[in-house]
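Numbering (the working numbering), first residue to last: 5 to 263. Even glycine gets a Cβ: it sits at the ideal position worked out from N, Cα and C.
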Ligand code: ADP
Ligand code: MG
């Protein structure tokens with residue numbers, strides 16, 4: 005089935021890795037959170053395959069397991085049972101430090117509240133993941149940060165502190181940061197949840213253009229506007245996959261969805 009690849013073998017051409025299987029492959033994934041008083045199963049045996057280049061929305065009510073799923077794909081958390089293979093790497097086989105290194109190179113993460121470091125300038129926020137991963141040569145890092153800020157339309161904000169930017173600009177900066185090490189996969193957890201709808205629509209359009217460049221994108225969102233861009237919508241209900249297919253208006257039965 006899947007060949008186990010350690011980070012060292014990532015020097016192979018990307019086409020080789022893509023041809024071998026889906027970009028993201030979840031097999032019978034269970035996630036149970038254990039607290040001292042009780043345990044709670046947030047995902048009940050999820051099977052999900054995502055091909056390279058897909059743009060997918062994950063929808064579902066609050067508490068349905070969307071963030072849990074995204075955190076597992078990102079290697080931020082580990083499943084209780086089951087297997088997760090992302091970009092030909094079986095995440096379960098990686099040590100904590102290898103997993104962190106893998107994430108820094110292969111996955112770009114975008115969050116609802118941007119999570120930019122407040123004491124660093126916008127450009128410095130973008131250079132930090134480059135410093136951690138060590139792929140982009142030191143002398144190129146600032147130039148690359150400026151190019152990425154240009155790509156998301158806020159190059160003029162490069163030397164400002166995040167707090168001086170609007171919400172939409174901060175999310176653009178966070179998306180540029182997610183692209184720092186040129187990852188094949190972008191994962192975004194309610195990236196428009198803290199933006200007004202016009203700004204949110206512009207952010208979704210930015211994701212669509214990044215998808216058109218070939219990146220695989222998984223977005224957790226309540227924004228119906230995303231239907232214009234996505235090929236596939238996955239619905240979670242109480243930690244189970246309850247829908248998977250082309251987006252349909254009827255599937256938007258989430259409590260946070262706009263009327
Ligand atoms: P969503 O993102 O769809 O709102 P989550 O994945 O955040 O849902 O949470 C799914 C369920 O798992 C919720 O019932 C939540 O309370 C529970 N949960 C999430 N994280 C933890 C945790 N660290 N410990 C215990 N329960 C958790
Ligand atoms: Mg969530």
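(request) Classify residue 117 as helix, strand or coil using the three-state DSSP reduction. (result) The residue given as residue 117 occupies position 113 in the chain shown. Looking at residue 117 - three-state DSSP - the assignment turns out to be coil, as it is neither helix nor strand.
(message) Using 8 Å as the threshold, is the C-beta distance between residue 61 and residue 223 below it?
(response) Along the chain shown, one-based indexing puts residue 61 at 57. Along the chain shown, one-based indexing puts residue 223 at 219. Yes, the pair counts as a contact, with Cβ atoms nearer than the cut-off.
(message) I'd like to know whether the C-beta atoms of residue 3 and residue 214 end up nearer to each other than 8 Å.
(response) This structure gives no information on residue 3, because the portion of the chain shown stretches from 5 to 263.
(request) Kindly provide the ranges of any alpha helix (DSSP H) runs that are 4 or more residues long and lie completely inside the stretch 164 to 212, ordered along the chain. (result) If you keep only unbroken alpha helix (DSSP H) runs of at least 4 residues inside the stretch 164 to 212, you get 171 to 182.
(message) Taking a contact to mean a Cβ-Cβ separation below 8 Å, would you say residue 29 touches residue 89 in this structure?
(response) Residue 29 sits at position 25 when you count from the first residue of the chain shown. Residue 89 sits at position 85 when you count from the first residue of the chain shown. Yes.
(message) For the ligand ADP, I want to know if residue 164 counts as a neighbour, meaning its beta carbon is within less than 7 Å of at least one of the ligand's heavy atoms.
(response) Looking up residue 164 in the chain shown gives position 160. Residue 164 Cβ: outside cutoff for every heavy atom of the ligand ADP.
(message) According to DSSP, is residue 101 part of a helix, a strand, or is it coil?
(response) Counting from 1 along the chain shown, the entry for residue 101 is found at position 97. In this structure, residue 101 counts as helix in the three-state DSSP scheme.
(message) Classify residue 259: buried if its beta carbon has 16 or more other beta carbons within 10 angstroms, exposed otherwise.
(response) The count along the chain shown starts at 1 and reaches residue 259 at position 255. Here residue 259 scores only 47 on pLDDT, less than 50, and its place in the model is too uncertain to base an answer on.
(request) Go ahead and label residue 152 buried or exposed: buried means 16 or more other beta carbons lie within 10 angstroms of its beta carbon, across all protein chains shown. (result) Along the chain shown, read from residue 1 onward, the residue named residue 152 stands at position 148. Answer is buried; the Cβ neighbour count reaches 16.
(message) Between which two residues does the beta strand (DSSP E) holding residue 35 run?
(response) Here residue 35 is taken as the residue at index 31 of the chain shown, counted from 1. For residue 35, the uninterrupted beta strand (DSSP E) segment begins and ends at 28 to 38.
(message) On the DSSP bridge list, what partners appear for residue 236?
(response) Locating residue 236 in the chain shown gives position 232, counting from the first residue. DSSP lists 60 as partners of residue 236.
(request) Say whether the stretch 238 to 249 touches the stretch 50 to 57, bearing in mind that this needs 3 or more beta-carbon pairs closer than 8 Å, one atom from each stretch. (result) Contact holds: three or more Cβ-Cβ distances are below 8 Å.
(message) For residue 72 and residue 192, what's the separation of their Cα atoms in angstroms?
(response) By one-based count along the chain shown, residue 72 stands at place 68. By one-based count along the chain shown, residue 192 stands at place 188. Each residue's CA atom was taken as its position, placing residue 72 and residue 192 some 12 Å apart.
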